[in-house]
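**Q** Below is one structure. I have some questions about it.
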Amino acid sequence: DSGVTQTPKHLITATGQRVTLRCSPRSGDLSVYWYQQSLDQGLQFLIQYYNGEERAKGNILERFSAQQFPDLHSELNLSSLELGDSALYFCASSVRGVDTDTQYFGPGTRLTVL
Amino acid sequence: AQTVTQSQPEMSVQEAETVTLSCTYDTSESDYYLFWYKQPPSRQMILVIRQEAYKQQNATENRFSVNFQKAAKSFSLKISDSQLGDAAMYFCAYRTFNAGGTSYGKLTFGQGTILTVHP
């Protein structure tokens, strides 16, 4: 158990809908990262937050957004869902987001868009 | 942009034997970090080992060790005394050292290698 929690574990929804994925980092970790794992794209970095502020951005679609709250939990919002958004979404956390920190991953949320 | 390549989609090993998983990467940076993560059927991403590029000594964690060849941009993972619990997908990942860069913090992953362990 990495100490990173993600809810829900599974999510099934329809095209065009909006969903919110939630992540709670390890106690004391200030950085949260979101990754998408799909069959065709592999594991891809989406976005990083550090202590409430956006720190780095990957190839995140405009339909996707994220935020980190004062209690350090993070939410990833996916809207206007398409079939191709079906994937496993991981959250990871690290202490300070500085050079020596290692990212610890949550169990993931499996999103299925029908 | 950095890229990570794992050229072996699948590997297999007999229990108690040794196996090596390959990883190459492309970068123009001189300082960076490399990782191996394990993803068992549960889908959890588990850190196996990490290597700082500025360290010449190869990292070791119990039965897991790496062969880091900086000039060749190669980072292979050796698993000794393989166990059934080692069966998983293994990902090689790269992380920049450059704290000021816009990609800071991002892990770039290879496509993964599925390891099967035969009893």
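So the sequence lines, in the order shown, correspond to chains X and G.
Heads up, the working numbering is the position in the first sequence plus 7, with the first residue counted as 1.
Heads up, the working numbering is the position in the second sequence plus 87, with the first residue counted as 1.
Glycine is no exception: its CB is placed at the ideal position from the N, C-alpha and C atoms.
DSSP puts G:His205 in a beta bridge; with which residues?
**A** Paired residues: G:Gln101.
**Q** So which residues of chain G does X:Tyr40 contact, with C-beta pairs closer than 8 Å?
**A** Within chain G, the residues near X:Tyr40 are Gly192, Lys193, Leu194.
**Q** Just verifying my parser: in three-state terms, what is the DSSP assignment at G:Asp113?
**A** In this structure, G:Asp113 counts as strand in the three-state DSSP scheme.
**Q** Is it the case that the region 19-36 of chain X contacts the region 45-64 of chain X, given that we only count it when at least three CB pairs across the two stretches are under 8 Å?
**A** Cβ pair count under 8 Å is below three, so no.
**Q** Compare the C-beta of G:Met132 against all C-beta atoms of chain X and say whether one is closer than 8 Å.
**A** For G:Met132, the answer is yes, since a Cβ of chain X falls inside 8 Å of its Cβ.
**Q** Quick one, which residues of the region 40-61 of chain X are near chain G if we go by CB-CB under 7 Å, in chain order?
**A** Those residues of the region 40-61 of chain X that come within reach of chain G (Cβ to Cβ, closer than 7 Å) are Tyr40, Gly49, Leu50, Phe52, Gln55.
**Q** Excluding five sequence neighbours on each side, which residues of the same chain lie with their C-beta closer than 6 Å to the C-beta of G:Gln138?
**A** The residues are Leu121, Ala146, Val153, Phe155.
**Q** DSSP has G:Ser94 in a bridge; who is on the other side?
**A** Its beta-bridge partners do not exist; DSSP assigns none.
**Q** Could you give the DSSP three-state label for X:Leu90: helix, strand or coil?
**A** X:Leu90 falls in the helix class under three-state DSSP.
**Q** Within a Cβ cutoff of 7 Å, which residues of the same chain sit near G:Pro206, ignoring the five residues on either side of it in sequence?
**A** Excluding positions up to five away in sequence, the list reads Glu102, Leu171.
**Q** The beta strand (DSSP E) with G:Phe155 in it runs from where to where?
**A** Looking at the DSSP string, the run of the beta strand (DSSP E) that includes G:Phe155 is 151-156.
**Q** Let me check understanding here. Comparing Cα to Cα, which of X:Asp8, X:Gly23, X:Ser31 lies closest to X:Thr119?
**A** Looking at the Cα atoms, X:Gly23 is the closest of the given residues.
**Q** Would X:Thr109 and G:Leu134 be called neighbours here (beta carbons separated by less than 8 Å)?
**A** Yes, they are a contact pair.
**Q** Can you check whether the C-beta of G:Gln89 is within less than 8 Å of a C-beta belonging to chain X?
**A** So no, G:Gln89 is outside the interface.
**Q** Leaving out the 5 sequence neighbours to the left and right, which residues in its chain are closer than 7 Å to G:Thr111 when beta-carbon positions are compared?
**A** Excluding positions up to five away in sequence, the list reads Thr92, Lys160, Ser161.
**Q** Can you pull out the residues from the region 136-157 of chain G whose beta carbon lies closer than 9 Å to at least one beta carbon of chain X?
**A** So the list reads Arg137, Glu139, given in the order they occur along the chain.
**Q** From G:Val100 to G:Glu148, what does the alpha carbon distance come to, in whole angstroms?
**A** Rounded to whole angstroms, G:Val100 to G:Glu148 spans 19 Å at the Cα level.
**Q** Quick one: what's got a C-beta closer than 6 Å to G:Glu97's C-beta in the same chain, skipping five residues either side?
**A** Only Ile201 meet the Cβ criterion.
**Q** Restricting to Cα atoms, I'd like to know which of G:Ala158, G:Ser167, G:Met132, G:Tyr119 is closest to G:Tyr141.
**A** The residue with the shortest Cα to Cα distance from G:Tyr141 is G:Tyr119.
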